[in-house]
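Chemist:
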DNA sequence: ATTTAAGCGAGACGGTACGTCTCGTCTTCTT
DNA sequence: AAGAAGACGAGACGTACCGTCTCGCTTAAAT
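Chains as they are written, first to last, in our numbering: chain A, 6 to 231; chain B, 6 to 231; chain C, 6 to 231; chain D, 6 to 231.
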């Protein structure tokens, strides 16, 4: 039932400049505008108020342009998170797991609070409950990348002998879960006390060998100064 | 041309007994039908396919009836979870925290898998990301009740001296987070190994005093230094 | 991938009164508003500028309301035409076919020009080229009703002996075709000369017996006064 | 995440010979491919399924190439019709108007049915209801050419004295209208009876002088009274 | 015994987002 | 300079669900 409307005539509409195609390839300006609009919208309204329509409206973009490059909302959320993350968190290496965890978590929660990334992550998790596709993206595309940093921290702790290698993955999951619960219940305010306690508990769960004296049961593989 | 419907006539539709009002008070039959429909829908389609319209359709109920008693979807999710939970999980008391946790978690995950409650919980968490109201319901109406059981387990462990009282809340959060991550990423299959490892780690994090040598409820709580 | 946006909050929008439901039955106010908007839109922009979205916008109606009662654009076009037609054309009965046709055609073309009905009819024919459903509506729902008047005129002429009964349907088609060509090529201005010539030709094609003297070659079937 | 396409690579798609430019002039191969694709598409899907995008896809052509040479859909329809028409209908000259009309109409309807031209004509008329530009093309570029043949037939009939010269244009319009109504309502099947009846009526409307007793072009025109 | 009051099924209502389609324009690269 | 390619902004398509509303009915409690 499609028929020849005549939308060729621009007949007013919006004031703007009309960001046209730059040829048969992706227009970075459009990408920037779309990601920026998505980020702002997440920050303002959260998952509830997020819609592709509104992103398109704010970005001055056509919906097909959005769907062309980010076929699902999950893809957009991931892209927003990744773009923010570019200027994000340093992986601490203090030589002490508890300190590393504590520092990293404080930085991460601040990052979540102060950029749209916390909202993007929350939205991604919510979306994954509604869409199998989003679940796959979360598990296979998002989490491995995002957990790499914390993984390093735990790996170094293993190398230092602070925790047993066999326990590292489970400890990581426990610590991740701690993050998720706080993020998903809206409690990622600066709670130094709690964060440091959780870090200490993780270390103790992993065996608790002091990092300072080097592990007695394993050759320390890290950079040695002797 | 203009009358494709015949709203005046009852015109069948569903089986047609028409569950009417029973007076100026809540009709338990309607409540049962609605919760049953919601539960079935969650089980079949999950959060994605859940809609009040569809619940009303399946329950043979009017939408206002649903909104009257469960003003938001979160309320429905909570009600579905609570109804399932009625015939649910015993709180273990083996005298050993690791065993308690392990037993409880296996029972909980099985409960989540085999009833609609896993889906209901996932839906509730997702909904809480979209609606401040749902977030409040989650934090204030749902979690305290649901965490009571696990809280007991930890409390008893404190009383047995297995873990430090000061650490109990944080340990609880770590363990909850472990549940959430697995539920929200769809990994609550029967993974005995992982569950027991996590339980052991929690105990060790809490101080790791052996439960065997302690008479239940007799050992003074708190970290021992002997 | 549906999820719980929170559109319940009206959060501004338009100024208006919000024409709500009046219960589980059709709201005449909504119908009036929609048909009026459709009529105006057809008059202003014609088939090219006609869209359900725009009708909904102007009528302050929801799109589903429109689709509920007029499942296709063809249905809307027909309804617009029928509503206009209500206050429309008298069927002439001068006792002379040529005069009847001439009078009727002039009135019809004026009606087409001065209401939106010409545009509606053109749109319906165009739509029928694009949609089998519209074609069926045109053939089975629209034309029989609309041709009834002219059919009467021809039937009376047969009864008067002006034209042969066997030729009446074909003559009707020839005359209808004359209308269509002029409507579809935008030439339904007041062309008295042409209209009267066509009417005369039709009469002559039908046998041309003068109406006054009764037909000599056939028994007059009409009311006889002898 | 952000690169679901690989627009740099040619990545097949269609057969892939890549019909390049042949210099600063129109490439006949492109023209052929485009018209062929348009014809096939009209035959398959009709006006509803016709889109420039799809024509470009099937023809392996760029959209700007199509717009360059056929700025509107109407132009494409006309070109398709004209290309088909090239090998089309002989103008009959039997010396008898009724026979001429009957033969011509049967040939024309068969031509419309068996090529894409019927669809193209229908599409052109529909398009003309939506676009003033198409209407102009229909009236000024298409119809005069297409009516020339039938015009000849009527002219010869005038010369033979079968019909009055003054009536010829109106008769032509009546007969054209008959064609349009049947084309636009999808009733151009082989209906010998109807076609011949219409032809007879047209002749009678034009004066009905028998062509048999008249030497072609010799008999004085006008109605005879002997 | 009648009135009042509330629950109930039904479904229409105005909105709005969904993801897809086509429009006509634009730019780049290739020939 | 023509041609293929395809991205781009725009916006319509028809459907789904949102939460609210008004209806007509039924039943129980208050008069």
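All residues carry an ideal CB built from backbone N, CA and C; glycine is no exception.
Would residue 109(A) count as contacting chain B if we go by Cβ distances under 9 Å?
Modeler: For the purposes of this step, residue 109(A) is taken as the residue at position 104 of the first chain. Output row for residue 109(A): interface = no.
Chemist: Using a C-beta cutoff of 9 Å, does residue 3(A) count as contacting chain B?
Modeler: Nothing about residue 3(A) can be read from this structure; chain A reaches only from 6 to 231.
Chemist: Within 10 angstroms of the Cβ of residue 86(D), are there 16 or more other Cβ atoms? Answer buried if so, exposed if not.
Modeler: Here residue 86(D) is taken as the residue at index 81 of the fourth chain, counted from 1. By the neighbour-count rule (16 or more Cβ atoms within 10 Å), residue 86(D) is buried.
Chemist: Classify residue 197(B) as helix, strand or coil using the three-state DSSP reduction.
Modeler: Locating residue 197(B) in the second chain gives position 192, counting from the first residue. The answer is helix: DSSP assigns residue 197(B) an H, G or I state.
Chemist: Please classify residue 17(B): is it buried, with 16 or more other beta-carbons within 10 angstroms of its beta-carbon, or exposed?
Modeler: Numbered from its first residue, the second chain carries residue 17(B) at position 12. Residue placement at residue 17(B) is flagged as unreliable, the pLDDT there being 34, under the threshold of 50; a coordinate-derived value is accordingly withheld.
Chemist: Could you name the residues of the same chain whose beta carbon sits closer than 6 Å to that of residue 117(D), not counting the 5 residues immediately before and after it, in chain order?
Modeler: Locating residue 117(D) in the fourth chain gives position 112, counting from the first residue. Excluding sequence neighbours, residue 117(D) sits near 123 and 193.
Chemist: Strictly under 9 Å for the Cβ-Cβ distance: is residue 144(C) near chain D by that measure?
Modeler: Here residue 144(C) refers to the residue found at position 139 of the third chain. True, the Cβ-Cβ gap to chain D drops below 9 Å.
Chemist: Grab the span of the alpha helix (DSSP H) containing residue 99(D) for me, first residue to last.
Modeler: Locating residue 99(D) in the fourth chain gives position 94, where the first residue counts as 1. Element bounds for residue 99(D): n/a, residue is neither H nor E.
Chemist: How big is the Cα-Cα spacing for residue 78(A) and residue 50(A)?
Modeler: For the purposes of this step, residue 78(A) is taken as residue 73 along the first chain, with counting starting at 1. For the purposes of this step, residue 50(A) is taken as residue 45 along the first chain, with counting starting at 1. Distance between the alpha carbons of residue 78(A) and residue 50(A) is about 15 Å.
Chemist: Taking the alpha-carbon positions, what's the residue 42(D) to residue 68(C) distance?
Modeler: Walking along the fourth chain from the start, residue 42(D) turns up at place 37. Walking along the third chain from the start, residue 68(C) turns up at place 63. C-alpha separation (whole angstroms): 36 Å.
Chemist: For residue 52(C), count neighbouring C-beta atoms within 10 Å of its own C-beta (all shown protein chains included) and say buried if the count is 16 or more, exposed if not.
Modeler: In the third chain, counting from the first residue as 1, residue 52(C) sits at position 47. By the neighbour-count rule (16 or more Cβ atoms within 10 Å), residue 52(C) is buried.
Chemist: Unbroken alpha helix (DSSP H) runs of length 4 or more, entirely within the segment 99 to 136 of chain C: which are they?
Modeler: Segments of the alpha helix (DSSP H) lying fully in the segment 99 to 136 of chain C: 102 to 119 and 122 to 135.
Chemist: Could you tell me which chain D residues have their CB closer than 9 Å to the CB of residue 130(C), listed as they occur along the chain?
Modeler: One-based indexing of the third chain puts residue 130(C) at position 125. Result: 130, 131, 134, 189 and 190.
Chemist: Listing by chain order, which chain D residues have their CB less than 8 Å from the CB of residue 207(C)?
Modeler: Counting from 1 along the third chain, the entry for residue 207(C) is found at position 202. Correct list: 179 and 210.
Chemist: Counting beta carbon pairs with one atom in the segment 171 to 187 of chain B and one in the segment 169 to 179 of chain A, are three or more of them shorter than 8 Å?
Modeler: Yes, the segment 169 to 179 of chain A is in contact with the segment 171 to 187 of chain B.
Chemist: So for residue 90(A), helix, strand or coil by DSSP?
Modeler: Counted from its first residue, the first chain places residue 90(A) at position 85. Residue 90(A) falls in the helix class under three-state DSSP.
Chemist: Are the segment 197 to 212 of chain D and the segment 99 to 114 of chain D touching by the rule of at least three beta carbon pairs closer than 8 Å?
Modeler: With the cut-off at 8 Å, the segment 197 to 212 of chain D and the segment 99 to 114 of chain D touch.
Chemist: Using a beta-carbon distance below 9 Å, is residue 151(B) in contact with chain A?
Modeler: Taking the second chain and counting its residues from 1, one reaches residue 151(B) at position 146. No, no contact with chain A.
Chemist: Thinking C-beta only, is residue 121(A) closer than 9 Å to residue 47(A)?
Modeler: Indexing the first chain from 1 puts residue 47(A) at position 42. Indexing the first chain from 1 puts residue 121(A) at position 116. Yes, these two residues count as a Cβ contact at 9 Å.
Chemist: Out of 110(A), 62(A), 32(A) and 82(A), point me to the one whose CA is closest to residue 195(A)'s CA.
Modeler: Start at 1 with the first residue of the first chain, and residue 195(A) comes out as number 190. Ranking the options by Cα distance to residue 195(A), first place goes to 110(A).
Chemist: Taking the alpha-carbon positions, what's the residue 158(B) to residue 133(A) distance?
Modeler: The count along the second chain starts at 1 and reaches residue 158(B) at position 153. The count along the first chain starts at 1 and reaches residue 133(A) at position 128. Rounded to the nearest angstrom, the two C-alpha atoms are 31 Å apart.
Chemist: Within 9 Å (strictly less), CB to CB, does residue 183(D) reach chain C?
Modeler: As a working note, residue 183(D) is residue 178 in the fourth chain. Yes - at least one Cβ of chain C is within 9 Å of the one on residue 183(D).
Chemist: If you draw a straight line from the alpha carbon of residue 191(A) to that of residue 127(A), how long is it in whole angstroms?
Modeler: Residue 191(A) sits at position 186 when you count from the first residue of the first chain. Residue 127(A) sits at position 122 when you count from the first residue of the first chain. Distance between the alpha carbons of residue 191(A) and residue 127(A): 10 Å.
Chemist: Roughly how far, in whole angstroms, is the beta-carbon of residue 34(D) from the beta-carbon of residue 24(D), given that I think they are within contact range, below 8 Å?
Modeler: Taking the first residue of the fourth chain as position 1, residue 34(D) is located at position 29. Taking the first residue of the fourth chain as position 1, residue 24(D) is located at position 19. With a Cβ gap of about 6 Å, residue 34(D) and residue 24(D) count as contacting.
Chemist: Establish whether the CB of residue 172(C) and some CB of chain D are separated by less than 9 Å.
Modeler: For the purposes of this step, residue 172(C) is taken as residue 167 along the third chain, with counting starting at 1. Taking Cβ atoms only, chain D reaches closer than 9 Å to residue 172(C), which makes this a yes.
Chemist: Grouping DSSP H, G and I as helix and E and B as strand, with all else coil, what is residue 75(B)?
Modeler: Reading the second chain from its first residue, position 70 is the one you call residue 75(B). If DSSP states are grouped into helix, strand and coil, residue 75(B) belongs with coil.
Chemist: Under 9 Å, do residue 39(A) and residue 114(A) count as touching if we go by C-beta distance?
Modeler: Translated into positions along the first chain, residue 39(A) becomes position 34. Translated into positions along the first chain, residue 114(A) becomes position 109. No, they are not a contact pair.
Chemist: State the start and end residues of the unbroken alpha helix (DSSP H) segment that holds residue 154(C).
Modeler: Here residue 154(C) refers to the residue found at position 149 when the third chain is read from its first residue. Start and end: 148 to 165.
Chemist: Could you list which residues in chain D have their beta carbon closer than 8 Å to that of residue 175(C), in chain order?
Modeler: For the purposes of this step, residue 175(C) is identified with residue 170 of the third chain, where counting begins at 1. Ordered by position in chain D, the residues that pass the 8 Å Cβ test against residue 175(C) are 199, 202, 203 and 206.
Chemist: Buried or exposed: residue 166(B), going by 16 or more other Cβ atoms within 10 Å of its Cβ?
Modeler: Your numbering for residue 166(B) matches position 161 in the second chain. Per the 10 Å Cβ criterion, buried.
Chemist: Note down, in chain order, every chain B residue with its Cβ under 9 Å from the Cβ of residue 23(A).
Modeler: Numbered from 1 along the first chain, position 18 holds the residue referred to as residue 23(A). Within 9 Å Cβ-Cβ: nothing; residue 23(A) doesn't reach chain B, min ~34 Å.
Chemist: Residues in the same chain with beta-carbon distance under 7 Å from residue 59(C), minus the five sequence neighbours each way, listed in chain order, please.
Modeler: Within the third chain, residue 59(C) is the residue found at index 54, counting from 1. Cβ within range, chain order: 46.
Chemist: So, for residue 249(A): in the same chain, excluding its five sequence neighbours on each side, which residues have a beta-carbon less than 7 Å away from its beta-carbon?
Modeler: Residue 249(A) lies beyond the range of chain A shown here (6 to 231); nothing can be said about it.
Chemist: In terms of alpha-carbon separation, which member of 75(D), 54(D), 66(D) and 63(D) lies closest to residue 138(D)?
Modeler: Looking up residue 138(D) in the fourth chain gives position 133. Minimum Cα distance to residue 138(D) is reached at 75(D).
Chemist: Determine, using beta carbons only, whether residue 172(C) and residue 96(C) come nearer to each other than 9 Å.
Modeler: As a first step, residue 172(C) must be located in the third chain, where it is residue number 167. As a first step, residue 96(C) must be located in the third chain, where it is residue number 91. No; because the gap between Cβ atoms is not below 9 Å, this pair is not in contact.
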